[in-house]
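For the numbering used here, count along the sequence shown from 1 and bump the result up by 97.
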Amino acid sequence: MQLELYDTTLRDGAQMEGISLSVEDKLKIAAKLDELGVHYVEGGWPGSNPKDVEFFERAKSLNLKHAKLAAFGSTRRAGGNVNDDANLKALVDAETPVVTIVGKANDIHVRDVLETTTEENLAMIADSVRFLKEHGRTVFFDAEHYFDGYFSDADYALQCLKSAASAGVDAVALCDTNGGTITPKMVEALRAARDAVDVDVQIHCHNDAGLAIANSLAAVQEGVSAVQGCINGYGDKCGNADLAAVIANLQLKMGIKVISDEQLEHLTEVSHYISEIVNVVPTPFQPYVGASAFAHKAGLHTDGIIKSGQSYQHIRPEVVGNKNRLLISELGGSRGVLAMVKSAGIDVELSRDDARKVLEQVKERESQGYQYEGAEASFEMLVRRSLPGYKAPFELEDF
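Below you can see the structure in the form of structure tokens.
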């Protein structure tokens, strides 16, 4: 069984502070995720707003080659009837092959948030799954707050999963909604879930404790069928598992092929494309795809990279569509100066002694407050001025 990728950037990722997506934005991102090779694209919640209703209507014209569209919604209301539930009707009307419904898997939330009984919540889960299955949909159940619920009342959390399974659900997704479960606890609760139900188990991790990626990878080792996440880790509060890093780690570190090698080479491009669409500046220090992920500043490092590309890099950056960068600063070395001159296309011939002199000037000027990192034109002027016979390209006569 192939491990699958479930992207929820268009729904869960859009809950991030500062992100607001138009229908056009969502259509572009869905198409780009399909090109990357993800298996499921969760498009939104058609029962919650007109924008998502329009998205699913227009998404029918998308020629998706890899991904299946999923609509997201909640279980029926407490005390209600599935046949009269507007949310479930909207999910059916979206006409997606996959529907993901969220329901409580935490007894505290059932009593204090839903304000209903634990028995009624189990019925809400089963009734909703059964209703959607009767309409021919592949149905995933997002067990909200499963991990917190498991450590509050394990028996009830598992009953919620069993209720979905008994109604014919295709997979249950274990959600660390508050994002605070540490890895050993996550594995414990996940194993209990796998033992309790005879359906596929997925993982959905949030990053509030900085463990979303690690927990997702640990869940893969425990045999989950799919990893849910968002490109660039977008999402509420501290975000979701960064699907870009998850993909790279699965493929390059764990030997689990989830997309083609050619698609992997577009990972950086996809990450930056989506960041532009959502109008969020890319994080330079983001693993694998960040601009600084393969940037080298210290002299020891730049010297090593020049001599051997893998000396200070855990992978070849080209594998994920990124590139290495050598930075000029007072921490660098003469080899770094020579490499920078070459990579910047500066048409001068520098000897090793010339490079040392340039480096000394860099150190002297940076001690005075100048900065050459990221200032390639200033660095070029410094190099040219250090050479015999330098002539200024122009003279300022007046201003």
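Ideal Cβ positions, reconstructed from N, Cα and C, are used throughout, including at glycine. This structure is a prediction, so every number in the text was calculated from the model and none was measured.
Spatial neighbours of residue i in its chain, beta-carbon cut-off 7 Å, leaving aside the 5 residues before and after
i, result
"Asp224", "Arg173, Val179"
"Asp297", "Asp267, Ala268, Ser322"
"Leu219", "Gln256, Cys257, Ser260"
"Lys129", "Val367, Tyr370, Ile371"
"Leu340", "Leu102, Asp104, Gly326, Cys327, Ile328"
"Val355", "Leu100, Leu102, Ile344, Leu347, Gln348"
"Thr197", "Glu139, Ala167, Phe169, Phe237, Asp239"
"Lys125", "Ile374"
Nearest candidate by alpha-carbon position, reference residue i, set the options
i, options, result
"Cys272", "Phe152, Lys201, Ile353", "Lys201"
"Gly141", "Glu319, Glu241, Phe244, Ala167", "Ala167"
"Tyr243", "Val196, Val236, Ala251", "Ala251"
"Glu132", "Glu492, Asp181, Glu362", "Glu362"
"Cys302", "Arg234, Asp204, Val284", "Val284"
"Ala240", "Val195, Ile222, Lys129", "Ile222"
"Pro194", "Asp181, Glu217, Asp204, Thr235", "Thr235"
"Ala309", "Glu494, Ala338, Asp109, Val196", "Ala338"
"Glu315", "Tyr331, Ile279, Leu349", "For the sequence presented, residue 315 should be read as Ala rather than Glu. Ala315 has its Cα closest to that of Ile279, out of Tyr331, Ile279, Leu349."
"Arg291", "Ala306, Ala254, Gly277", "Ala254"
"Gly246", "Ala262, Asn275, Gly265", "Asn275"
"Glu249", "Gln360, Asp204, Val355", "For the sequence presented, residue 249 should be read as Ser rather than Glu. Answer by Cα proximity: Asp204."
"Ala306", "Arg288, Ala293, Cys335", "Cys335"
"Ser389", "Asn419, Gln360, Leu364", "Asn419"
"Glu359", "Gly134, Lys125, Leu118", "Gly134"
"His136", "Val417, Ser357, Thr365, Val416", "Ser357"
Buried or exposed by the 16-neighbour rule on C-beta atoms within 10 Å, applied to residue i
i, result
"Ala286", "buried"
"Lys123", "buried"
"Ser171", "buried"
"Thr214", "exposed"
"Met518", "The structure shown does not extend to residue 518, since the chain is modelled only from 98 through 496, so no value can be given for it."
"Phe237", "buried"
"Phe491", "exposed"
"Gly320", "exposed"
"Ser313", "buried"
"Ala342", "buried"
"Asn146", "exposed"
"Leu522", "Here the chain comprises residues numbered 98 to 496, so residue 522 is not present and cannot be evaluated."
"Pro414", "buried"
"Gly277", "exposed"
"Ala270", "buried"
"Ala264", "buried"
"Phe496", "exposed"
Residues near residue i in its chain [Cβ-Cβ closer than 8 Å; skip 5 each side]
i, result
"Val120", "Lys148, Glu151, Phe152, Arg155"
"Ala127", "Leu107, Val138, Gly140, Ala156, Leu159, Leu161, Ala164, Leu166"
"Thr380", "Asn329, Gly387"
"Val317", "Leu100, Ile300, Val324, Leu347, Met351, Ile353"
"Val378", "Ser372"
"His369", "Pro379, Val386"
"Ala175", "Leu211, Glu212, Thr213, Glu217, Asn218, Met221"
"Ala514", "What the structure shows of the chain is the stretch from 98 to 496, and residue 514 is not part of that stretch, so it cannot be assessed."
"Lys282", "Phe244, Phe248"
Neighbourhood of residue i by C-beta, 6 Å cutoff - its chain only, sequence neighbours within 5 removed
i, result
"Asp333", "Gln112"
"Gln383", "none"
"Ile116", "Val375"
"Val189", "His232"
"Val199", "Ser171, Asp239, Glu241"
"Pro143", "Asp149, Val150, Phe153, Ala168, Ala187, Ala191"
"Leu349", "Ile412"
"Gly110", "Cys327, Tyr331, Gly332"
"Ala262", "Val294, Val296"
"Arg208", "none"
"Glu114", "none"
beta-carbon residue i near the ligand ATP non-hydrogen atom, thresh 7 Å
i, result
"Leu130", "With respect to the ligand ATP, the structure offers nothing, as it holds no ligand at all."
Please confirm if the stretch 183-193 is in contact with the stretch 217-237, defined as three or more CB-CB distances below 8 Å between the two stretches.
Under the three-pair Cβ rule at 8 Å, the stretch 183-193 counts as touching the stretch 217-237.
Would you say the stretch 324-331 touches the stretch 100-109, given that touching needs at least three Cβ pairs under 8 Å?
With the cut-off at 8 Å, the stretch 324-331 and the stretch 100-109 touch.
Going residue by residue through the stretch 99-186, where are the continuous beta strand (DSSP E) segments of at least 3 residues, counting only ones entirely within it?
Within the stretch 99-186, the complete beta strand (DSSP E) runs of at least 3 residues are 101-104, 137-141, 165-171.
Please list the segments of the alpha helix (DSSP H) lying wholly inside the stretch 227-286, counting only runs of 4 or more residues, in order along the chain.
You should have 243-249, 251-263.
Return the chain-ordered ranges of every beta strand (DSSP E) run that is complete within the stretch 283-346 and spans a minimum of 3 residues.
Counting only runs of 3+ residues, the beta strand (DSSP E) found wholly inside the stretch 283-346 occupies 297-302, 323-326, in chain order.
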